[in-house]
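Asker: In terms of numbering that gives the first Met the number 0, the sequence shown is residues 0 to 152.
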Amino acid sequence: MHFPKGAAARDSVSALVIMAVSAGGIYSAFDFPQRAAAWPLYMWGLLAAFSMLLLVNSLRQTVTEQLARVDKAERNALNKRIAINVGLILGFVIMVPILGFFSAAGIYLTVHMIYLGIRPYWMVAVVTLGVLIAFYMMFEFFLGVLVPHGLIF
């Protein structure tokens, strides 16, 4: 068997990374009390199962799809974009314990949407505010789950 190329390779690598993250999440969920661990284990398990499907699907790509030519400049641009996205996500994860979930999520969403090319800044602000309000209502108000609070909120 050979490693896929192009989009299938990105899917394969993404699936492997997501499965590794899921394994870490499942491992850490065992530290919770039994009733509290049920939901995270279910979610991490679903994430691992779907990433396994993604991996299988990416490995089943036909040879003609794998051999589609992508020029070197486009490949470098795609690799750079993936690295920036991973950096933004890691920055979010690092900021959550420091600034708090809602503050870090607001910064992450704003920066990521601007990076992805959403130009009307009023739309960036509305979407970010809407997502933060929805998260707050869902976690803090409806579910009563405390999210990490930091220096700001």
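Note that beta-carbon positions come from the ideal geometry of N, C-alpha and C, so glycine has one too. Nothing here was measured: the structure is a model prediction, and the numbers come from that model.
With a 10 Å radius around its C-beta and 16 neighbouring C-beta atoms as the bar for buried, classify residue 121 as buried or exposed.
Answerer: By 1-based counting over the sequence shown, the position of residue 121 is 122. Label assigned to residue 121: exposed.
Asker: Taking the CB atoms as reference points, tell me whether residue 131 and residue 103 lie closer together than 8 Å.
Answerer: Your numbering for residue 131 matches position 132 in the sequence shown. Your numbering for residue 103 matches position 104 in the sequence shown. Result no, Cβ atoms of residue 131 and residue 103 do not sit closer than 8 Å.
Asker: Can you check which of these residues, 9, 96, 99, is closest to residue 78 by C-alpha distance?
Answerer: Your numbering for residue 78 matches position 79 in the sequence shown. If we check each option's Cα against that of residue 78, 9 comes out closest.
Asker: Taking residue 21 and residue 58 to be in contact with their CB atoms under 8 Å, please state how far apart those CB atoms are, rounded to whole angstroms.
Answerer: In the sequence shown, the residue the question calls residue 21 occupies position 22. In the sequence shown, the residue the question calls residue 58 occupies position 59. Actually they are not in contact, since the Cβ atoms of residue 21 and residue 58 sit about 18 Å apart, beyond 8 Å.
Asker: Using a Cβ-Cβ cutoff of less than 7 Å, which residues in the same chain neighbour residue 136 once the five nearest sequence positions on both sides are dropped?
Answerer: Counting from one through the sequence shown, the residue named residue 136 turns up at place 137. Contacts found: none.
Asker: Based on Cα-Cα distance, which residue from 93, 54, 124, 118 lies nearest to residue 149?
Answerer: Counting from 1 along the sequence shown, the entry for residue 149 is found at position 150. That would be 93, whose Cα lies nearest to the Cα of residue 149.
Asker: How about residue 43 and residue 24: do their beta carbons lie closer than 8 Å?
Answerer: The sequence position of residue 43 within the sequence shown is 44, counting from 1. The sequence position of residue 24 within the sequence shown is 25, counting from 1. Result yes, Cβ atoms of residue 43 and residue 24 sit closer than 8 Å.
Asker: Throw me the rounded Cβ distance for the residue 110 and residue 142 pair, which I believe falls under 8 Å.
Answerer: Indexing the sequence shown from 1 puts residue 110 at position 111. Indexing the sequence shown from 1 puts residue 142 at position 143. The distance from the Cβ of residue 110 to that of residue 142 is about 27 Å, inconsistent with a contact at the 8 Å cut-off.
Asker: Less than 8 Å between CB atoms is the rule here; does residue 91 satisfy it with respect to chain B?
Answerer: Checking the listed chains, one finds no chain B in this structure; it contains a single protein chain.
Asker: Extract the residue ranges of the beta strand (DSSP E) inside the region 26-87, only unbroken runs of 3 or more that lie entirely within it.
Answerer: none
Asker: Use the C-beta contact count for residue 108: other C-beta atoms within 10 angstroms, 16 or more gives buried, fewer gives exposed.
Answerer: Locating residue 108 in the sequence shown gives position 109, counting from the first residue. Residue 108 is buried by the Cβ-count criterion.
Asker: For residue 97, collect the residues of the same chain with a Cβ closer than 7 Å to its Cβ; drop the 5 residues on either side in sequence, then sort them by chain order.
Answerer: For the purposes of this step, residue 97 is taken as residue 98 along the sequence shown, with counting starting at 1. Excluding sequence neighbours, residue 97 sits near 149, 150.
Asker: Would DSSP call residue 153 helix, strand or coil?
Answerer: Beyond the ends of the chain as shown, which are 0 and 152, falls residue 153; an answer cannot be given.
Asker: Applying the 10 Å Cβ sphere with the 16-neighbour rule, what's the burial state of residue 50?
Answerer: On the sequence shown, residue 50 is found 51 positions in, with the first residue counted as 1. Classification for residue 50: buried.
Asker: What are the residues that DSSP puts in a beta bridge with residue 148?
Answerer: Locating residue 148 in the sequence shown gives position 149, where the first residue counts as 1. In the DSSP secondary-structure assignment, residue 148 is bridged to 99.
Asker: Checking 8 Å against the spacing of the C-beta atoms, do residue 15 and residue 52 come in under that value?
Answerer: Sequence index remark: in the sequence shown, residue 15 carries index 16 (1-based). Sequence index remark: in the sequence shown, residue 52 carries index 53 (1-based). Cβ distance not < 8 Å, so residue 15 and residue 52 don't count as in contact.
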